[in-house]
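The structure appears right after this line, and notes come after that.
Numbering (our numbering), first residue to last: 6 to 611.
Structure follows, in structure tokens:
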């Protein structure tokens, strides 16, 4: 009879294959079972290489692989987990530390985290990737009503603040570097805006360049057809469109016709009147076949330039167009609805041809302002993280005398004090030591601005609100106004009328119980605040989740539990008895009607 086999008799290669299907913690637990397995796990560099590849973006892994070669992959993955543990530790402590601040955190508040995030070549890429993954996971859990610490709306709120402080200085530095090299092409300006406002995702220059190149390849394929050939067909196919143009084998008009056919004929891109993240993001535009006129112009310009034809994106107040000048000096405007060339007429708003020429020169900042203006007009009064980020871009583009304007201070410092032309190219995935010093200096500059003003961002103390028997509702509950029918989330209450709401509350003479009744602070569906008397409120039987308000209440609440928004620990300390009332209302609803919102598909989405 064969001797009974055990795991100890398995070859190291087989054990390695088995371990690849486990997460890192399980692998370490396995290694702690005996000295032999500990040595096997610690020396299996291929195993740790594969695990790191699963954890980080492909672009970052390529950089690590080029540096590490056959080096110590276990140490590299330890570096990743050091950053991850630090990020999670920081997120858990931020709400208790900063709950009392009136405004968002400043660079002074996150200086320790920022220094860790730029401490090594890969730390910035790791920190950004970890935070963005955290936001993605939290969003998915919130949709499933399954949030649990640390994956809550509150921690996601602070994760976005940390991302903002990492990404904005970095891409501002990259903007100035390309500006000094005269390489701020329209497509980069567009991607800069998208990355500035949408920090939840990575919008790398390499990604959109790859998408543009795919369009260029399609244009090249069309222009390689023998019907265009003016020379030997074999030689013709080896030349690029740019080379054919420069040698006079193709006219620029022929190239533009091919570009128009690819964008509007093959890709079927349609122009949208709105400018939002779906119609400004190049990747989404090519996927959904719909883009803002601003974005379509940038895409057209990028493809034409790579094919050897120079077009100009012209943006100034109330004007935006894509211009091309023929070899005979005739100016044409590209119709961005269909790609047709139309004769260009003189602008009636310019005083002279000379002034008109100066106005029409391509200016990256004017294009960025045009994109920003179109975006804010499309978003209207909607307030969320992307619109808040876009308003910070207003600070960057519009110099002011406000001493707290950190973004403008960064831009001025980078333009006047730093020789970014001689710096290595800035990249998230490989933070050069000179880049780390630069970002550190920007952090120091921001600290000097905020350190003298930090006291004004604090409340004196958090006042604990004690309930009495007259207070019917609790924070986090979703109620509706009996008369005006609007729905809102309760963020707080007063036992009686608060004097500082005289101009915003309901007229006392129209209330049956006057000022001597509880009043509630509500944020309602249109994102405005209301101060409502208890007699005018009623609780909803099946309250809807209100996701468009969650960015505004995330500092105070963790998630929607199917009936109400649950206050975080700090909010519970402020209103210690309210959770009991909310649960009591929920229990009554469950007894009468069953569990509220058990079918998520029936939720009212605002």
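Beta carbons are placed, not taken as given, at the ideal position from N, Cα and C, and that holds for glycine.
Going straight from the alpha carbon of residue 384 to that of residue 347, what length do you get? Walking along the chain shown from the start, residue 384 turns up at place 379. Walking along the chain shown from the start, residue 347 turns up at place 342. The alpha-carbon atoms of residue 384 and residue 347 are separated by roughly 31 Å.
Beta-carbon proximity check, residue 24 vs residue 52, cutoff 8 Å: Counting from one through the chain shown, the residue named residue 24 turns up at place 19. Counting from one through the chain shown, the residue named residue 52 turns up at place 47. Yes.
Under the three-state reduction of DSSP, which class applies to residue 275: helix, strand or coil? Taking the first residue of the chain shown as 1, we reach residue 275 at position 270. Three-state result, residue 275: strand.
Spatial distance of residue 421 from residue 182 (CA atoms): Within the chain shown, numbered from 1, the residue matching residue 421 stands at position 416. Within the chain shown, numbered from 1, the residue matching residue 182 stands at position 177. Their Cα atoms are separated by approximately 12 Å.
Residue 334 in three-state terms, based on DSSP: Reading the chain shown from its first residue, position 329 is the one you call residue 334. DSSP places residue 334 in coil when its eight states are reduced to three.
Examine the Cβ distances between the region 171–178 and the region 563–579 and report whether three or more of them are shorter than 8 Å. no
Looking only at C-alpha atoms, which of 57, 430, 211 sits nearest to residue 135? Here residue 135 corresponds to residue number 130 of the chain shown, with the count starting at 1. Checked all of 57, 430, 211; the closest Cα to residue 135 is 57.
Can you tell me whether residue 495 is helix, strand or coil according to DSSP? By one-based count along the chain shown, residue 495 stands at place 490. Of the three classes helix, strand and coil, the one that applies to residue 495 here is strand, per DSSP.
Using the three-state DSSP reduction, which class does residue 563 fall into: helix, strand or coil? The residue given as residue 563 occupies position 558 in the chain shown. Strand, per DSSP.
Express the C-alpha separation of residue 124 and residue 423 in angstroms, rounding to a whole number. In the chain shown, residue 423 corresponds to position 418, counting from 1. In the chain shown, residue 124 corresponds to position 119, counting from 1. C-alpha separation (whole angstroms): 21 Å.
The alpha helix (DSSP H) spanning residue 116 covers which residue range? In the chain shown, residue 116 corresponds to position 111, counting from 1. Per DSSP, residue 116 belongs to the alpha helix (DSSP H) from 116–122.
Taking the straight line between their C-alpha atoms, what separation do you get for residue 159 and residue 116? The residue given as residue 159 occupies position 154 in the chain shown. The residue given as residue 116 occupies position 111 in the chain shown. Computed Cα separation, rounded: 20 Å.
When you compare only the Cα positions, how much space is there between residue 86 and residue 131? Position 81 of the chain shown holds residue 86. Position 126 of the chain shown holds residue 131. Distance between the alpha carbons of residue 86 and residue 131 is about 9 Å.
Whole-angstrom Cβ separation of residue 450 and residue 418, contact assumed at under 8 Å? The residue labelled residue 450 in the question sits at position 445 within the chain shown. The residue labelled residue 418 in the question sits at position 413 within the chain shown. About 6 Å; that satisfies the 8 Å criterion.
Taking residue 535 as part of the beta strand (DSSP E), name the residues at either end of that continuous run. What you label residue 535 is simply residue 530 of the chain shown in a count that begins at 1. Run containing residue 535: 534–538, per the beta strand (DSSP E) assignment.
Within 10 angstroms of the Cβ of residue 499, are there 16 or more other Cβ atoms? Answer buried if so, exposed if not. Along the chain shown, read from residue 1 onward, the residue named residue 499 stands at position 494. Buried, because 16 or more other Cβ atoms sit within 10 Å of the Cβ of residue 499.
Sequence-distant residues of the same chain with beta carbon closer than 7 Å to residue 223, five excluded per side: What you label residue 223 is simply residue 218 of the chain shown in a count that begins at 1. Within the same chain, residue 223 has close Cβ partners 267, 271.
Any 3 or more C-beta pairs closer than 8 Å across the region 286–296 and the region 309–328: no
What is the rounded straight-line gap between the Cα of residue 62 and the Cα of residue 121? Position 57 of the chain shown, counted from the first residue, corresponds to residue 62. Position 116 of the chain shown, counted from the first residue, corresponds to residue 121. Using only the alpha carbons, I get a separation of about 20 Å.
Through-space distance from residue 198 to residue 373, alpha-carbon basis: For this step, residue 373 is matched to residue 368 along the chain shown. For this step, residue 198 is matched to residue 193 along the chain shown. Whole-angstrom Cα-Cα distance: 7 Å.
With DSSP collapsed to three states, give me the class of residue 86. Translated into the one-based positions of the chain shown, residue 86 becomes position 81. Looking at residue 86 - three-state DSSP - the assignment turns out to be helix.
In whole angstroms, what separates the C-alpha of residue 264 from that of residue 110? Position 259 of the chain shown, counted from the first residue, corresponds to residue 264. Position 105 of the chain shown, counted from the first residue, corresponds to residue 110. Their Cα atoms are separated by approximately 46 Å.
For residue 485, write down the residues that DSSP places opposite it in a beta bridge. Start at 1 with the first residue of the chain shown, and residue 485 comes out as number 480. Residue 485 pairs with 492, 543.
Rounded to whole angstroms, what is the Cα-Cα separation between residue 79 and residue 54? Here residue 79 is taken as the residue at index 74 of the chain shown, counted from 1. Here residue 54 is taken as the residue at index 49 of the chain shown, counted from 1. Looking at the two C-alpha atoms, the distance is approximately 8 Å.
Buried or exposed: where does residue 76 fall if 16 or more other Cβ atoms within 10 Å of its Cβ makes it buried? Start at 1 with the first residue of the chain shown, and residue 76 comes out as number 71. It counts as exposed.
Looking at residue 189: is its Cβ nearer than 8 Å to the Cβ of residue 369? Counting from 1 along the chain shown, the entry for residue 189 is found at position 184. Counting from 1 along the chain shown, the entry for residue 369 is found at position 364. Yes, the pair counts as a contact, with Cβ atoms nearer than the cut-off.
Residues in the same chain with beta-carbon distance under 8 Å from residue 343, minus the five sequence neighbours each way, listed in chain order, please. Here residue 343 refers to the residue found at position 338 of the chain shown. Result list for residue 343: 265, 269, in chain order.
Tell whether a beta-carbon distance below 8 Å holds between residue 528 and residue 492. In the chain shown, residue 528 corresponds to position 523, counting from 1. In the chain shown, residue 492 corresponds to position 487, counting from 1. The answer is no: Cβ separation not under 8 Å.
Inter-residue spacing [alpha-carbon to alpha-carbon] between residue 90 and residue 96: Your numbering for residue 90 matches position 85 in the chain shown. Your numbering for residue 96 matches position 91 in the chain shown. So the two alpha carbons sit approximately 10 Å from each other.
Quick check on the DSSP output: the alpha helix (DSSP H) that includes residue 527 runs from which residue to which? The sequence position of residue 527 within the chain shown is 522, counting from 1. Taken as a continuous stretch (DSSP letters only), residue 527 belongs to no alpha helix (DSSP H), being part of the beta strand (DSSP E) at 524–529.
Contact belief for residue 525 with residue 478 at Cβ below 8 Å, rounded distance in angstroms: The residue given as residue 525 occupies position 520 in the chain shown. The residue given as residue 478 occupies position 473 in the chain shown. Sure, about 7 Å apart at Cβ, within 8 Å.
State the DSSP-derived secondary structure class of residue 156, mapped to helix, strand or coil. As a working note, residue 156 is residue 151 in the chain shown. Correct three-state label for residue 156: strand.
Contacts around residue 362, its chain only, beta-carbon distance under 8 Å, and the 5 residues preceding and following it disregarded: Locating residue 362 in the chain shown gives position 357, where the first residue counts as 1. Confidence in residue 362 is poor, its pLDDT being 49 and thus under 50, which makes the residue's placement unreliable; the coordinate value appears in the next sentence. None.
On a CA-only basis, which of 276, 13, 399 is nearest residue 340? Give me that one, please. Indexing the chain shown from 1 puts residue 340 at position 335. Closest option to residue 340, Cα to Cα, is 276.
Other residues of its chain near residue 486: CB distance less than 6 Å, five sequence neighbours each side excluded: On the chain shown, residue 486 is found 481 positions in, with the first residue counted as 1. For residue 486, where only same-chain residues beyond five positions count, the Cβ hits under 6 Å are 541.
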